[in-house]
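Asker:
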Amino acid sequence: MASFQQPSNGSAEGLCLRFPQVLAVHSEMTMETALNLLQRGHQIAAQTPFQWGYIDRPADGEIYLVHVSNQAPFPIDGIRYQAPESKGVVNAGANKELEVHEVKYGFVPGQDNTIGAARVRRRFRLIRGGYSQLWLVHYSHGPTARTKISVSLVSTYASHLAAIQAAHMNQPVREYPLRPVGSEGVYVLGEKAGQKVNAAGPLDRPTMPMQFNSQQMLAQQNNNMARLEQRRREHDRVARQGLPPRADEEESGDEYESSITTKALAMTRYRRNHELMAAVFTHAAFGEKYASAPPASYSIFDKSHLDTQMEKLEAEITVLMAKAEERKAMHEQRRAASRATIEPGDMSIDPSS
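Be aware that the sequence shown starts at 48, since it is given in this note's numbering, and climbs by one per residue.
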């Protein structure tokens, strides 16, 4: 078994041998996904050199492929955890056993103070049927992203949020800025295990497609797909003819840089095309050309019903007016009778008497 010498003081700083890029981004991690990614990681590790670098304050959903010796502790990742790490073993079938480690209540000091300790780290390795020093590491935030694995030893998911201890709220886990590391790569698996190569450059976060506009993103995707197809044809040709691989392919540290995102690129293009065609067919089937004319503003009323109500109201008005005239006539009669009753007699004096 090849030995991999860590740079001086690397353990205290959290240096580790890792795949040059973030392997993938998944908000949730199922056992099947973890097993598939780990098996694919074995293939990648045999053909792609790993580099010494850091895992530092990873984003939600990021997945890393890391080589850690069995005797070495897991490297510092810039997150402070307030709970001990639990461990469980899953029978993955086909003579494979998957070991799962989970630690929760994590937070980045000075960054997650208003959120709370909600970060969760889960790491996986094949202790049977694989290379036990190759780890798949997944980072998530509490109950919104769960690892759907039924292991009694792995902690439950009733609560992944805890208050941050005041003493550690602004106390970083490691010293910053991080010390620069050389770009030398090392093969960790396969016939070249332990062989050092000059990699493409220092580790850095990959430039994500969402930073581009749609045209740039499409161009990048097409370019990546073309490169993948070209490499597939080249490898098929080499396999058929038994020829050694080209030197530039052996030395390329980013040979599988695009292959790790093939599924993501395919899904992105599928969703974009599906949404476009759905919009086209929806307009064709239910567009404005089939829209009926809007109803008239008075269409909610029934004219016959209104006429009936009008006749009824007119009859009631006629009756009321007749009663009013009758009351008026009776009132005039009473006034005339009242005047006749109180009218005084002839009180004049005859002057001849």
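Using N, Cα and C, we set each Cβ at its ideal position, and we do this for glycine too.
On a predicted model such as this, the values are computed, not experimentally measured, just so you know.
Going by DSSP, what residue range makes up the beta strand (DSSP E) through residue 225?
Answerer: Here residue 225 belongs to no beta strand (DSSP E), and DSSP marks it neither H nor E.
Asker: If you run the structure through DSSP and keep just helix, strand and coil, what is residue 153?
Answerer: strand
Asker: Quickly, what does DSSP pair residue 375 with across the bridge? List them, please.
Answerer: Per DSSP, none; premise fails for residue 375.
Asker: Given a cut-off of 8 Å on the beta-carbon distance, is the pair residue 124 and residue 96 in contact?
Answerer: no
Asker: Is the beta carbon of residue 188 closer than 8 Å to that of residue 168?
Answerer: With contacts defined by Cβ atoms closer than 8 Å, residue 168 and residue 188 do not form a contacting pair.
Asker: Helix, strand or coil: which one does DSSP assign to residue 239?
Answerer: In the structure shown, the three-state DSSP call for residue 239 is coil.
Asker: Give the secondary structure of residue 276 by DSSP, where H, G and I count as helix, E and B as strand, and everything else as coil.
Answerer: Three-state result, residue 276: helix.
Asker: Could you work out which residue in 385, 184, 346 is closest to residue 75 when comparing CA atoms only?
Answerer: 184
Asker: Over the uninterrupted alpha helix (DSSP H) stretch that includes residue 91, give me the two end residues.
Answerer: 78-94
Asker: Can you have a look at residue 382 and say buried or exposed, based on whether 16 or more other CB atoms are within 10 angstroms of its CB?
Answerer: exposed
Asker: If I measure Cβ to Cβ from residue 299 and keep anything under 6 Å in the same chain, skipping five residues before and after, which residues do I get?
Answerer: A caution first: residue 299 carries a pLDDT of 47, below 50, which makes its placement in the model unreliable, though a value can still be read off. Nothing meets the Cβ criterion.
Asker: Taking just the CA atoms, how far does residue 332 sit from residue 229?
Answerer: 60 Å
Asker: Residue 374 to residue 368, Cα distance in whole Å?
Answerer: 10 Å
Asker: So residue 236 packs on residue 317, CB below 8 Å; how close in whole Å?
Answerer: Between residue 317 and residue 236 the Cβ distance is about 32 Å, and since that is not below 8 Å, they are no contact.
Asker: Once you ignore the five residues that flank residue 176 on each side, which residues in its own chain have a CB closer than 8 Å to its CB?
Answerer: 139, 141, 142, 143, 144
Asker: From residue 240 to residue 112, what distance separates their C-alpha atoms?
Answerer: 16 Å
Asker: Give me the Cα-Cα distance between residue 94 and residue 328, rounded to the nearest whole angstrom.
Answerer: 45 Å
Asker: State the CB to CB distance for the pair residue 61 and residue 221, rounded to an integer number of angstroms; the pair is presumed to be in contact (CB under 8 Å).
Answerer: 6 Å
Asker: Since residue 110 contacts residue 69 with CB under 8 Å, what's their CB separation in whole angstroms?
Answerer: 7 Å
Asker: Less than 8 Å between the beta carbons of residue 211 and residue 163, yes or no?
Answerer: yes
Asker: Could you spell out where the beta strand (DSSP E) holding residue 110 opens and where it closes?
Answerer: 109-114
Asker: Among 133, 231, 146, which residue has its Cα nearest to the Cα of residue 63?
Answerer: Residue 63 has its Cα closest to that of 231, out of 133, 231, 146.
Asker: With DSSP run on the structure shown, which of helix, strand or coil describes residue 356?
Answerer: helix
Asker: Does the distance from the CB of residue 180 to the CB of residue 244 come in under 8 Å?
Answerer: It is not a contact, given that the beta carbons lie outside the stated cut-off.
Asker: Among the candidates 158, 171, 353, whose CA atom is the shortest distance from the CA of residue 217?
Answerer: 158
Asker: Can you give me the start and stop residues for the beta strand (DSSP E) that residue 139 sits inside?
Answerer: 133-140
Asker: Just to confirm, are residue 150 and residue 132 a CB contact at a threshold of 8 Å?
Answerer: Yes, the pair counts as a contact, with Cβ atoms nearer than the cut-off.
Asker: Starting from residue 171, trace the beta strand (DSSP E) both ways and give me its first and last residue.
Answerer: 166-175
Asker: Quick check: what's the CA-CA separation for residue 98 versus residue 286?
Answerer: 28 Å
Asker: Give the DSSP bridge partners of residue 188, in chain order.
Answerer: Looking at the DSSP output, residue 188 sits in a beta bridge with 166.
Asker: Rounding to the nearest angstrom, what Cα-Cα distance links residue 314 and residue 320 in this structure?
Answerer: Residue 314 and residue 320: Cα-Cα distance of roughly 10 Å.
Asker: What do you get for residue 284, buried or exposed, if any count of 16 or more other CB atoms within 10 angstroms of its CB means buried?
Answerer: exposed
Asker: Considering Cα atoms alone, identify which of 208, 78, 172 is closest to residue 117.
Answerer: 172
Asker: Verify whether the separation of the beta carbon atoms of residue 170 and residue 121 is less than 8 Å.
Answerer: In this structure, residue 170 lies near residue 121, with their beta-carbon atoms less than 8 Å apart.
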